[in-house]
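In this text, residue positions in the sequence shown follow the working numbering: the first is 84, and each later residue adds one. All C-beta atoms, glycine included, are put in the ideal place defined by N, C-alpha and C. Notes follow the structure.
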Amino acid sequence: MIVKKRTIPLKIQKLEALWGRLPESHPKRPDIQGELEKSWAGYRGEEALDYHLSFLDDRQHMIFHGLRLLGTNGHFFQIDTLILCTNMAIILESKNITGTLFFDQSFHQLIRSREDREDVFSDPILQIRRQQHQLQNWLTSQNIPKLPIHPLVVISFPSTKITTDPEHKEVFQKVIHAAAIPYKVDQLHQLHQTNVLTIKQLKKAASQLIKHHVPHHPDVLKQFQISQSQLLKGVQCSVCQHIPMKRMKGKWYCLQCRRYSSDDHIGALTDYALLHSSTITNKQFREYLQIDSRSIATRLLRALKLPHYGNQKNRTYQLPTFKS
Numbered sequence: 084m085i086v087k088k089r090t091i092p093l094k095i096q097k098l099e100a101l102w103g104r105l106p107e108s109h110p111k112r113p114d115i116q117g118e119l120e121k122s123w124a125g126y127r128g129e130e131a132l133d134y135h136l137s138f139l140d141d142r143q144h145m146i147f148h149g150l151r152l153l154g155t156n157g158h159f160f161q162i163d164t165l166i167l168c169t170n171m172a173i174i175l176e177s178k179n180i181t182g183t184l185f186f187d188q189s190f191h192q193l194i195r196s197r198e199d200r201e202d203v204f205s206d207p208i209l210q211i212r213r214q215q216h217q218l219q220n221w222l223t224s225q226n227i228p229k230l231p232i233h234p235l236v237v238i239s240f241p242s243t244k245i246t247t248d249p250e251h252k253e254v255f256q257k258v259i260h261a262a263a264i265p266y267k268v269d270q271l272h273q274l275h276q277t278n279v280l281t282i283k284q285l286k287k288a289a290s291q292l293i294k295h296h297v298p299h300h301p302d303v304l305k306q307f308q309i310s311q312s313q314l315l316k317g318v319q320c321s322v323c324q325h326i327p328m329k330r331m332k333g334k335w336y337c338l339q340c341r342r343y344s345s346d347d348h349i350g351a352l353t354d355y356a357l358l359h360s361s362t363i364t365n366k367q368f369r370e371y372l373q374i375d376s377r378s379i380a381t382r383l384l385r386a387l388k389l390p391h392y393g394n395q396k397n398r399t400y401q402l403p404t405f406k407s
C-alpha cells in the first residue's frame with residue numbers, strides 16, 4: 084500500500100519557475116539548466132522503481148516516497164523510498180546513472196566509466212548506512228520497537244553495469260538493479276520471519292512518519308545568487324512561454340502566438356508562490372501581473388476563491404500550499 088505518494092519535488096518546481104522567469108541573456112541560465120537536468124534525472128530514476136514496487140503485496144508493505152524527517156541530531160535526513168512491514172524496514176536509495184559503475188570501498192567513492200571518461204561520485208553505501216542509522220534513532224525516539232532495517236542502493240537504469248572488488252562483499256548485498264527489488268524483498272522476508280510490530284503498531288508508525296514529514300523548501304534564488312528584481316514579471320503564455328501577455332477584452336492575449344486565454348494568470352500566481360511569497364495583496368497582484376485596474380485584479384482574485392484575511396482595502400490572499 085502506498086501511504087505517501089511520489090510527487091515532483093519542490094526544488095524542481097522552483098527551478099522550473101525560475102528558468103521561465105529569467106531573461107534569455109541572464110548569465111545564470113546554463114547553471115540552472117544543469118541543475119534542472121540533474122534534478123529531473125534523479126526524480127525519473129525514483130519513478131523507475133514504481134513498476135517494480137507494484138509487484139509487492141499491498142497487504143504486507145507500506146510504501147513511503149520522498150520522506151524527509153528531522154533526525155535526533157537536529158539535522159534533516161531524506162529517504163527516496165521506505166518500505167515498512169511488521170517484520171522489517173527497507174530503505175531504497177535510487178541512482179539513475181548510466182555506464183559502468185565501480186563501487187570503490189577502499190576510498191569510499193563511486194566511479195562511473197563512460198565513453199573513455201571517468202566521473203567520481205560520493206559513496207552511496209556510506210549514504211545508506213547513514214540513513215539506516217538516522218532512521219533507527221528516529222524510530223526509537225518515537226517509541227517504535229526496534230526493527231531490522233535494510234538499506235539498498237537501487238540502480239534504476241537497466242543497462243548500467245555494476246562492478247566492485249570481489250572482497251567488497253557489502254556491495255553485492257546492498258546494490259541491486261531496480262528489476263531485482265521484488266526478489267530482494269522476498270529474500271529479506273525469508274531472513275526475518277518473526278513480526279516485531281503488531282498491525283496496530285505498524286499503523287501508528289506510518290501515522291508518525293506522515294505527521295513528521297517536513298517538505299524541503301530550498302531557496303533557489305539564494306542558491307544561484309539571483310535577486311527578485313532580476314525576474315520577469317507578467318503572465319506567461321502556457322503555449323509558447325512568451326512573457327508578458329496583455330490583458331485585452333477580458334482575457335489574456337499573447338503577443339507572440341496570438342492566442343487568448345482566460346486562466347494563464349494562475350500559472351503566474353504559481354510562480355509567485357514558488358519564488359516570492361505564499362501570500363499576495365491586490366497591489367502585489369497588479370504589479371506582478373502588470374495590470375493597472377484594481378477592480379480587474381479584485382475580480383480575478385475573488386474568482387480563485389483563495390483564503391484571505393484583512394479588510395477589503397488591505398486584504399491579503401493565501402496562495403495554494405505546495406506539497407512534496
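{"Check": "Beta-carbon proximity list for V268, same chain, < 8 angstroms, skipping 5 on both sides", "Outcome": "L139, H144, I166 and I173"}
{"Check": "7 angstroms Cβ shell around F186 - same chain, five flanking residues per side excluded", "Outcome": "L193, I208, T247, H251, V254 and V258"}
{"Check": "The segment 280-297 / the segment 146-155 touching (three or more Cβ pairs under 8 angstroms)", "Outcome": "yes"}
{"Check": "Secondary structure of S224, DSSP reduced to three states", "Outcome": "helix"}
{"Check": "Of the residues S224, V203, D199 and H233, the one placed nearest Q214, counting alpha carbons only", "Outcome": "H233"}
{"Check": "Cβ-based neighbour list, I91, same chain, cut-off 6 angstroms, excluding 5 preceding and 5 following", "Outcome": "none"}
{"Check": "Candidates Q273, P228, T181 and V322: closest to G103 by CA position", "Outcome": "V322"}
{"Check": "At least 3 beta-carbon pairs within less than 8 angstroms: the segment 315-335 vs the segment 347-356", "Outcome": "yes"}
{"Check": "Inter-residue spacing [alpha-carbon to alpha-carbon] between P110 and G317", "Outcome": "21 angstroms"}
{"Check": "Within 7 angstroms, strictly: CB atoms of Q225 and Q291", "Outcome": "yes"}
{"Check": "Rounded separation between R195 and N179 - CA only", "Outcome": "12 angstroms"}
{"Check": "Bounding residues of the beta strand (DSSP E) (the contiguous stretch that carries Q161)", "Outcome": "F159 to L167"}
{"Check": "Nearest residue (CA-CA) to L274, options M171, L402 and R330", "Outcome": "M171"}
{"Check": "Minimum C-alpha distance to H300 - residue among V237, K97 and L119", "Outcome": "K97"}
{"Check": "Proximal residues to L222 (C-beta, below 6 angstroms), its chain only, five neighbours per side dropped", "Outcome": "none"}
{"Check": "Distance, Y343 Cα to K332 Cα", "Outcome": "9 angstroms"}
{"Check": "Own chain, CB closer than 7 angstroms to V400, minus 5 neighbours either side, in chain order", "Outcome": "For clarity, residue 400 is Tyr in the given sequence; the question names Val instead. So the qualifying residues of the chain are T362, I363, L384, L389 and H391."}
{"Check": "N-terminal and C-terminal residue of the alpha helix (DSSP H) that Q401 is part of", "Outcome": "Careful: Q401 lies outside any alpha helix (DSSP H), inside the beta strand (DSSP E) at T399 to Q401."}
{"Check": "Per-residue DSSP class, three states only, for S344", "Outcome": "strand"}
{"Check": "Buried/exposed call for N394, threshold 16 Cβ in 10 Å", "Outcome": "exposed"}
{"Check": "Proximity of K87 and F147 at Cβ, strictly below 7 angstroms", "Outcome": "yes"}
{"Check": "Selection from S378, I85, I245 and R112 that minimises the alpha carbon distance to Q306", "Outcome": "R112"}
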